[in-house]
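Notes to accompany the following structure.
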Amino acid sequence: MKPAAFEYHRVGTTAEAVAVLDQLGEDGRVLAGGQSLVPLMNFRLAQPEHLVDINGVGELGYVRHDDGMLALGATARQAHVAAAEPARSDVPLLVEALGFVAHPPIRHRGTVVGSIAHADPAAELPSVAVACHASLTLTSRAGSRDVAAEDFFLGPFETLLAPGELVTEVRFPPSAPGAGWAFVEFARRHGDFAIAGAAVTLALDGDRVADASIVLCAVGPRPLRADRAEALLLGQAPDAELIAEAAERAVADLAPGADIHGGTEYRIGVARVQVRRAITLALERANGGDRR
Ligand SMILES: Cc1cc2nc3c(=O)[nH]c(=O)nc-3n(C[C@H](O)[C@H](O)[C@H](O)COP(=O)(O)OP(=O)(O)OC[C@H]3O[C@@H](n4cnc5c(N)ncnc54)[C@H](O)[C@@H]3O)c2cc1C
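Each number in the working numbering comes from the position in the sequence shown (counting from 1) with 532 added on.
Okay, structure coming up:
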């Protein structure tokens with residue numbers, strides 16, 4: 533199918549983008565890599581009246597260290613980020629998760645910020661942003677505001693973004709020295725959206741867990757933090773039994789909807805396994821194994 537008619541606005545700077553978005557209000561929609569929006573438009577599941585194409589905003593294509601953080605601009609492509617040294621050294625969890633997002637041609641066009649702004653509950657990157665305590669800069673004509681990724685996602689494809697706002701940047705704190713990480717998911721084929729996935733970071737003090745972040749994707753309306761599982765691990769020296777108990781806690785309150793890929797119980801079972809595997813791998817890496 534072809535999309536419904538729309539007006540196309542190509543902008544060259546951030547200032548121009550927010551000025552046009554401000555004028556359009558509710559009727560304006562940002563076009564980044566187009567890898568989610570264009571298929572939705574082709575199926576007429578989205579019918580924006582105006583598209584504001586930010587692909588020409590070169591000043592937002594950066595991947596850089598900034599004030600101790602990894603900063604990614606709105607037009608930084610997923611493939612660029614996955615290959616960039618600052619991302620590989622600072623936020624290996626993000627780089628690992630990017631390997632599960634679709635396929636290389638899509639990652640060469642799709643942006644990290646676009647995936648986060650899209651807020652698909654089955655997408656990998658929103659859960660990574662929450663697990664890493666990332667923050668987003670939302671810019672409008674009136675100025676900028678920073679919001680924690682944890683607060684940004686309201687529900688499926690629903691975020692704190694207001695009409696007229698552009699997500700200009702996502703900032704990731706660097707992984708703590710020696711911390712372990714893991715992104716693990718199960719999908720029917722590599723590159724498909726996950727049936728369930730887990731993003732984990734784990735810092736140790738000796739053999740005890742000093743900090744744990746566990747976030748699930750594809751099993752709820754938005755990325756879900758498994759805070760009861762995190763609390764169980766804190767201060768403990770995890771063994772297989774404790775990790776299994778943490779995975780049990782992580783899925784205890786889940787109620788994912790059934791779809792053609794699986795029923796509720798099946799998805800919970802898959803999520804339990806992903807959490808167990810992700811904690812185990814993050815722990816192994818925190819202990820110096822398989823750090824890549
Ligand atoms: C075959 C296929 C398989 C895929 N598989 C996966 C997968 O396994 N996992 C996965 O996570 N994704 C998958 N995707 C989606 C892909 O990763 C997209 O690139 C990504 O979700 C959106 O990024 P984009 O830059 O293409 O955004 P777009 O498609 O351009 O935009 C998506 C939405 O976000 C909004 N938006 C984008 N950027 C901004 C911004 N800076 N400020 C405000 N709003 C903004 C747009 O208005 C739109 O509503 C797949 C896509 C295809 C076509």
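All C-beta atoms in this analysis are idealised placements derived from N, C-alpha and C, irrespective of residue type, glycine included.
Note that the structure is predicted; figures quoted are calculated from it, not measured.
{"query": "Distance, alanine 730 Cα to serine 659 Cα", "result": "8 Å"}
{"query": "Collapsed DSSP secondary structure at valine 732 in the structure displayed", "result": "strand"}
{"query": "Leucine 764 burial status per 10 Å Cβ neighbour count (16 or more: buried)", "result": "buried"}
{"query": "Range of the contiguous beta strand (DSSP E) that encloses leucine 604", "result": "601 to 605"}
{"query": "Per DSSP, the bridge partner or partners of aspartate 743", "result": "Ala735"}
{"query": "Any non-hydrogen atom of ligand 1 closer than 7 Å to proline 571 Cβ", "result": "yes"}
{"query": "Contact check, valine 699 vs leucine 693, beta carbons under 8 Å", "result": "yes"}
{"query": "Paired residues, beta bridge with glycine 712 - DSSP", "result": "Leu734"}
{"query": "As assigned by DSSP and simplified to three states, the class of histidine 906", "result": "The chain is shown only over 533 to 824; residue 906 falls outside these bounds and no answer can be derived."}
{"query": "Glutamate 717 vs alanine 708 beta-carbon contact at 8 Å", "result": "no"}
{"query": "Beta-carbon spacing of proline 755, valine 747 below 8 Å", "result": "yes"}
{"query": "Collapsed DSSP secondary structure at serine 659 in the structure displayed", "result": "helix"}
{"query": "Under 8 Å between C-beta atoms of leucine 825 and phenylalanine 704", "result": "The chain is shown from 533 up to 824; residue 825 falls before or after that span and cannot be answered."}
{"query": "Of the listed residues Val584, Ala769, Phe575 and Ile638, nearest to alanine 742 (C-alpha basis)", "result": "Ala769"}
{"query": "Threonine 545 in three-state terms, based on DSSP", "result": "coil"}
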